[in-house]
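Asker:
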Amino acid sequence: MSKKGRNIDLIKKRDDKLYERFLYHYDVCKIRLDEVLRILSEEEFFLSEQRIWTIIKGYQGVPRAELMDRIKKPKVRAVRGVPTSLKVVSEYDYSLFPASSAR
């Protein structure tokens, strides 16, 4: 007889990817836990938040350090509100007695 039910290999791959995405959102992007569970539940894996939390707590797959090496960190190009080229104070012409035209 043929084996019925869910494919164990596919479930393992799903759980691996779920844990990897959890680490990306939680550790790399620094998003709150409840928001990470909502994102994974509603936007990425379409499982209940409770089921996702159960999978994450019981995860026995790839070690966390190895996964963190594989996860691509978002590139930060520039910080908003900070000018890219700063002048040193000595570059400005501050003087109590500015050079004025001769009288």
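Heads up, the sequence shown is in this note's numbering, so the first residue is 6 and it goes up one at a time. Every residue gets a Cβ at the ideal spot worked out from N, C-alpha and C, and that includes glycine.
What number of angstroms, rounded off, separates the C-alpha of Ser-53 from the C-alpha of Glu-40?
Answerer: Within the sequence shown, residue 53 is the residue found at index 48, counting from 1. Within the sequence shown, residue 40 is the residue found at index 35, counting from 1. Between Ser-53 and Glu-40, the alpha-carbon positions lie close to 13 Å from each other.
Asker: Would you identify the three-state DSSP class for Lys-35, choosing helix, strand or coil?
Answerer: In the sequence shown, residue 35 corresponds to position 30, counting from 1. Three-state result, Lys-35: coil.
Asker: Might you give, ordered along the chain, the residues of its own chain that have their beta carbon closer than 8 Å to the beta carbon of Ile-61, omitting 5 neighbours on each side?
Answerer: Translated into positions along the sequence shown, residue 61 becomes position 56. The residues are Leu-23, Tyr-24 and Phe-27.
Asker: Where do the ends of the alpha helix (DSSP H) carrying Phe-27 lie?
Answerer: Along the sequence shown, read from residue 1 onward, the residue named residue 27 stands at position 22. Note, Phe-27: alpha helix (DSSP H), 13-28.
Asker: Give a yes or no on whether the C-beta atoms belonging to Asp-21 and Gly-63 are separated by under 8 Å.
Answerer: The residue given as residue 21 occupies position 16 in the sequence shown. The residue given as residue 63 occupies position 58 in the sequence shown. Going by C-beta atoms, Asp-21 is not nearer than 8 Å to Gly-63.
Asker: If we count the other Cβ atoms within 10 Å of its Cβ and call it buried at 16 or more, is Ile-57 buried or exposed?
Answerer: Here residue 57 refers to the residue found at position 52 when the sequence shown is read from its first residue. So Ile-57 counts as buried.
Asker: For Arg-19 and Arg-37, what's the separation of their Cα atoms in angstroms?
Answerer: Against the sequence shown, residue 19 aligns to sequence position 14. Against the sequence shown, residue 37 aligns to sequence position 32. One C-alpha to the other measures close to 22 Å.
Asker: Could you pull the start and end residues of the alpha helix (DSSP H) that Lys-62 belongs to?
Answerer: The count along the sequence shown starts at 1 and reaches residue 62 at position 57. Looking at the DSSP string, the run of the alpha helix (DSSP H) that includes Lys-62 is 54-62.
Asker: Please report the straight-line C-alpha distance between Arg-75 and Asn-12, rounded to a whole angstrom.
Answerer: Position 70 of the sequence shown, counted from the start, is the residue given in the question as residue 75. Position 7 of the sequence shown, counted from the start, is the residue given in the question as residue 12. Cα-Cα distance, rounded: 26 Å.
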